[in-house]
Every structure is written in C-alpha cells, then in structure tokens.
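A.B. asks:
Residue numbers (my numbering): 1197 to 1460.
1. Based on the DSSP secondary-structure assignment, which residues constitute the bridge partners of residue 1266?
2. Tell me, please, which residues DSSP counts as bridged to residue 1350.
3. Can you have a look at residue 1242 and say buried or exposed, based on whether 16 or more other CB atoms are within 10 angstroms of its CB?
4. Which value, in whole angstroms, describes the spacing of the CA atoms of residue 1275 and residue 1290?
5. Classify residue 1423: buried if its beta carbon has 16 or more other beta carbons within 10 angstroms, exposed otherwise.
6. Take the Cβ of residue 1429 as the centre, count every other Cβ of all protein chains shown within 10 Å, and call the residue buried at 16 or more, exposed below.
7. Is the beta carbon of residue 1374 closer than 9 Å to that of residue 1260?
8. What is the rounded straight-line gap between the Cα of residue 1418 and the Cα of residue 1377?
9. Taking all protein chains shown into account, do 16 or more other C-beta atoms lie within 10 angstroms of the C-beta of residue 1352, making it buried, or fewer, making it exposed?
10. Is residue 1266 closer than 9 Å to residue 1287 when the C-beta atoms are compared?
11. Any chance you could list the beta strand (DSSP E) runs of at least 3 consecutive residues sitting entirely within the region 1366-1436, in chain order?
12. Can you list, in chain order, the residues of its chain with a C-beta nearer than 6 Å to that of residue 1254? Leave out the 5 residues immediately preceding and following it.
13. Just list the residues that DSSP pairs residue 1222 with in beta bridges.
14. For residue 1289, report the span of its beta strand (DSSP E) as first-last.
15. For residue 1260, which three-state DSSP category applies?
16. Counting pairs of beta carbons, one from the region 1313-1320 and one from the region 1331-1341, are three or more of them closer than 8 Å?
17. Given that a residue counts as buried once 16 or more other Cβ atoms are within 10 Å of its Cβ, and exposed if not, what is residue 1391?
18. Sort 1218, 1209, 1355 by Cα distance to residue 1416 and report the nearest one.
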C-alpha cells in the first residue's frame, strides 16, 4: 500500500525540516542500501545507542524511498505537535504495559500487511550495556517475522552517540561528527519456519537477529563485543526510562516494569 497524500506531505515536511539540520551537524557514511528488500512489507532492526537514532535511521530509509514506520511509545502520540505528526505518518503506537501488548502487535502486523517498512528496535529501549554494545533482545521482531514471513533487515550504525550521548541533556555538535550506517542482508530465519512459535523458538530467532546485528556493529567499531550479551533483568536494571540503574522492591527483589514484546 502506498502512503496516503496526507502521510506523504507530512513526511516531506519533516524531511525538509530535519535533513538540513542533520547534514549540517553530522557527516553521513551509508553502505549496503542494496540489501533492502525490493518487495514492500519488511522489518528493520537497528541497534539503539541514543535518542536521535530514529532520525539517523529514518533519514537513511527516507532517502532510499522507504517511508519509515517506527514502533513508538503510545504516550508520545499525546504530545502536542509530535503526536499529530506521528499519527499523520502512520507510526505504530506501543503500549508499555502487558495488557496493551497484543494490540501493539496487531497494529504492527497490519503495518506489514499494508506493505510498510516497519522499524523495530529489538532491544526494546536504549542499550544498557556500559560500552553501548547491543544487549539482550526482546522477542517482538522475531515473533512478527515468524508469524508474517516478513524479512528482518539488520541496520548497524555508530557515531550518533558522539553528537548526542545516551540520555544527555544537551548535544555535542562541534566538531562535526560522523555517523556510519550499514545495512545487512536479511537475517536467515529459515530454520524456524513452520515451527510452533514457542518461547524457545522466539528466543533462538531473537538471538540470531541480535548476533547478526552485533557482528555488524563490531565491524563498524573495529572492536570485539563482550562474550556475554548484557541482560538488564539479570543486572537488576529497569528496562525503560533514564533512571535504569539497579532498583529493588521493598523485599529486595528486583522489580523491573513490564513492557510489550513488540519493542520500542
């Protein structure tokens, strides 16, 4: 399905406003655009290191003729100016409570069925890894891929965090920073095709996505990732929000909040 006239107009206005700013403050180096599927309706899974990542990934996809549709926190749709823009461009609201997760996945499936490019951050939020490596993934992207047959395309990028460090209050615009972005080939999930979508299958498929993504980030950074993927739950960290350091309930038990498996 093509974008509506309203959606195309709003995308064009946003691109016209944001791309010049992006080009002034960030040098871009893009590779692998040929790996984007020609057929519509696929899932993009990028790594997530800073709040401006959606601008980086969205800029790239829009320049390739693919209007990006992100899974975004439902609360953002209530923000003045931003909320109407998200709605007008058919972004997908995600409820961060368990009772709303099913509806979020339904909306994501509908977006794929409509032939849209759906961007899902498989980590579900900004990485909690101290060195910004991809952390343990959530299973929403794998679930959607196995249920719909949509390809999963990993996108690795590095450098945006130099301009806007994770959860920083102010950007660091000078000197001009360089952002590198690489598109990988669709993740091979063929061994899971036709299997019951069990927790074991979802975990294995998710790890396959995260492994491909981590390998790409490793090549971009020219460094080796840790041997064990960072797991915020095991570390007693909150999975959402700026204040994610170790939190415990009154009994001393870890109490991370729930959020949907569709990702952020």
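We treat Cβ as the ideally placed atom computed from N, Cα and C, and that holds for glycine.
C.D. replies: Taking the structure as given:
1. 1315
2. 1241
3. buried
4. 15 Å
5. exposed
6. exposed
7. no
8. 14 Å
9. buried
10. yes
11. 1373-1379
12. 1264
13. 1373
14. 1288-1290
15. coil
16. yes
17. exposed
18. 1355
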